[in-house]
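Reading the sequence shown from the start, the letters are residues 72 to 310 in this note's numbering.
Where a beta carbon is used, it is the ideal one built from N, C-alpha and C, also for glycine.
To start, the structure under review is shown below, and the notes come after it.
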Amino acid sequence: MVNQAPGTHLHINVAKSRYIIPNPLNLPTYIKLLFKLWVVLLFKCGNGPLALQEFHSKMIEVFACRNPERWAIAAKLFFGTKTIAGGKMKMAYSILYNLSPTRIFLLSEDTIVEAEREMESILLKLKNLWTHRPTVNFEGNAYNVGDFIVRAANPVSANVSYKGMLVEVEYLPAVHPYVANSLLREFLTMIVPPTMEVVQWEPNEENSYSKVGLSEEVFTRTHTSYQYIMLFKKENLLL
72 MVNQAPGTHL HINVAKSRYI IPNPLNLPTY IKLLFKLWVV LLFKCGNGPL ALQEFHSKMI
132 EVFACRNPER WAIAAKLFFG TKTIAGGKMK MAYSILYNLS PTRIFLLSED TIVEAEREME
192 SILLKLKNLW THRPTVNFEG NAYNVGDFIV RAANPVSANV SYKGMLVEVE YLPAVHPYVA
252 NSLLREFLTM IVPPTMEVVQ WEPNEENSYS KVGLSEEVFT RTHTSYQYIM LFKKENLLL
């Protein structure tokens, strides 16, 4: 349970213990004002495995997360074999989570859908229409912190040169996308190292949730998958 107390501290009840952690009034510039129920961040660092281990230690020692669970993501980039209008190449993205191994999230042009995993197998068989890059795998842990779930993972694929790590924060109690703004923002100030360079994708007029057929009112795992894909595109992690 997370409670905002008067003053400049945020109180978190974890495992029947109360931690009082300073909540600075001047938030770091990388902590944006707009957050949803799920927030996906990319930590940039020279040694991803070391950063992940330090993050793991912090979650265990500071937040008393005694039984972290395995967390894994597999992402793939598809290229159309034929050019489309304007001479551009058609592209599609897939996201698979270990929590739902039979489901996959696919983004193609302006549509993102949740489908059976067999849909990816169909794309792989359509060699005359699609080619693809090797799958990029991320592996790490998921931590329960009161009403939050924090998921952190490193890229483990040999074809990825990026050395940072992914961090996803989920706020469990609410279903409306704007309910948890302040709580998520304050929680992030506690788990993000102050010197860490952080990248976050944010919706805009050109790339919004509604543009790909998603609700702006109720947030789902499909919205999170769209965040991941747009962040991967922004940082060229799948190329």
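Item to check | Three-way DSSP call (helix, strand, coil) for M267 in this model | outcome: coil
Checklist entry - From F303 to S165, what distance separates their C-alpha atoms? => result When only Cα atoms are considered, F303 and S165 end up about 11 Å apart.
Next on the checklist: Using C-beta distances below 6 Å, list every residue in its chain close to Y214, excluding the 5 sequence neighbours before and after it, in chain order.
Outcome noted: M130, C136, P139, V221
Item to check | Buried versus exposed call for L197 [16 or more other C-beta atoms within 10 Å across all chains shown] | outcome: By the neighbour-count rule (16 or more Cβ atoms within 10 Å), L197 is not buried but exposed.
Item to check | Residues that V111 bridges to, as DSSP identifies them | outcome: E239
Checklist entry - Out of E241, T202, N118, Q124, which has the shortest C-alpha to C-alpha gap to L112? => result E241
Item to check | Beta-carbon proximity of R292 to E185, cut-off 9 Å | outcome: yes
Checklist entry - Which residue comes first and which comes last in the beta strand (DSSP E) that contains T152? => result Start and end: 140 to 154.
Checklist entry - Sorted by chain position, which residues of the same chain lie with C-beta nearer than 8 Å to E191's C-beta, five sequence neighbours on each side aside? => result K147, S165, L167, I175, L177
Next on the checklist: Once DSSP output is grouped into helix, strand and coil, what is the label at Q176?
Outcome noted: It is Phe, not Gln, that sits at residue 176 in the sequence shown. Three-state DSSP puts F176 in a strand.
Next on the checklist: Need the endpoints of the alpha helix (DSSP H) that S253 sits in, please.
Outcome noted: 252 to 262
Checklist entry - For A145, which option in S228, A156, E125 has the closest C-alpha, if you only look at C-alpha atoms? => result S228
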